[in-house]
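Everything in the sequence shown is counted per full-length UniProt numbering, starting at 1 for the first residue and increasing by one. The C-beta atom is built at its ideal place from N, Cα and C for all residues, glycine as well. On a predicted model such as this, the values are computed, not experimentally measured, just so you know. First up is the structure itself, then whatever we jot down about it.
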Amino acid sequence: MTGRPHRLRAATDADRPALAALQVAGWRDAYAALIPADYLAGAFAGDVEQRWRDLEIGPDDVVLAAEAPDGALDGFITVWSRATPYIDNLHVRPGLRGGGVGRRLMAEAARRLAAQGRDAVELTVAVRNLRARAFYARLGGVEGEETRRPSFGAVIFHCLPVRWTSLAPLVAADAA
């Protein structure tokens with residue numbers, strides 16, 4: 001899918017179930033080899049849904065949804081306001097990846113961070129998530145040293161921090 005059929009907008013509390021469903025679909029697709037299959041097929045969805053129900057979103061946090069013309073949410077990004085803003089989630093519905101939705105979400109989040117006076121952003125990516133690592137590299141992200149990070153279901157991921165010390169490459173990515 002190409003072009004700009006999705007409207008990017010601030011996510012609302014009413015979107016939380018759809019955001020949780022997108023995260024579950026994304027993780028089941030991207031991390032099937034990293035997370036125990038019984039957990040991923042079972043309790044994982046409930047754990048993610050509970051996290052989204054309980055999640056506190058602050059006024060400077062950036063949570064954007066990519067809404068299709070039919071109203072369905074096909075992607076989202078969450079950026080938590082910290083000393084260096086942290087991208088906690090970027091998910092695009094499996095099957096729609098490569099169509100520009102993720103790039104547009106990253107660019108719009110960067111624009112909103114810049115409007116807050118921010119100049120950098122970071123995230124953590126699983127070492128074995130090669131598709132995401134390549135995507136972030138194309139957007140100018142610089143990988144750091146490998147770390148270990150706990151996640152859902154007591155899974156320990158081998159991760160890499162990815163940093164942008166300037167938001168300009170991300171903002172410009174939307175023009176690509």
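Taking its Cβ as the centre, do 16 or more other Cβ atoms sit within 10 Å of Gln116, making it buried, or is it exposed? With fewer than 16 other Cβ atoms from the protein chains shown falling within 10 Å of its own Cβ, Gln116 counts as exposed.
Sorry if obvious, but does the Cβ on Ala66 come closer than 8 Å to a heavy atom of the ligand COA? What this structure holds is no ligand at all, so the ligand COA is not there to describe.
List the whole-angstrom C-beta distance separating Pro94 from Gly26, where the pair is believed to meet the contact cut-off of C-beta under 8 Å. With a beta-carbon spacing of about 7 Å, Pro94 and Gly26 fall inside the 8 Å limit used to define contacts.
What three-state label does DSSP hand Met1 in the structure shown? For Met1, the pLDDT reaches just 41, beneath the cut-off of 50, and the residue's location in the model is therefore unreliable, although a value from the coordinates is still provided. Here Met1 sits in coil by DSSP.
Looking at the strands, I want to know which residues DSSP matches up with Gly75. As computed with DSSP, Gly75 is found in a beta bridge with Ala66 and Val92.
Determine the burial state of Thr146: buried for a count of at least 16 other Cβ atoms within 10 Å of its Cβ, exposed for fewer. In the sequence as displayed, the identity of residue 146 is Glu instead of Thr. So Glu146 counts as exposed.
How would you label Ala33, buried or exposed, when you count the other beta carbons within 10 angstroms and need 16 or more for buried? exposed
So, with DSSP's three-state summary, where would you put Leu167? coil
With a threshold of 16 other CB atoms inside 10 Å of the CB of His6, please say whether the residue is buried or exposed. buried
Helix, strand or coil: how does DSSP classify Leu123 here? Leu123 falls in the strand class under three-state DSSP.
Closest by CA to Ala41, which one among Arg149, Pro161, Ser166 and Asp29? Asp29
Should Pro85 go down as buried or exposed, given a rule of 16 or more other Cβ atoms within 10 Å for buried? buried
Sub-9 Å separation of Asp61 and Val79 beta-carbons: yes
If I follow the unbroken alpha helix (DSSP H) through Arg112, where does it start and stop? Val101 to Ala115
Assigned exposure category for Leu113 - 16 Cβ within 10 Å defines buried: buried
Complete runs of the alpha helix (DSSP H) confined to the segment 10-74 [at least 4 residues]: 16-30, 37-41 and 43-54
DSSP state of Leu160, grouped into three classes? Residue state, collapsed to three classes: strand.
Can you find at least 3 beta carbon pairs, one from the segment 63-82 and one from the segment 128-138, that sit closer than 8 Å? Cβ pair count under 8 Å is below three, so no.
Using the beta-carbon count (16 or more within 10 Å), is Val162 buried or exposed? buried
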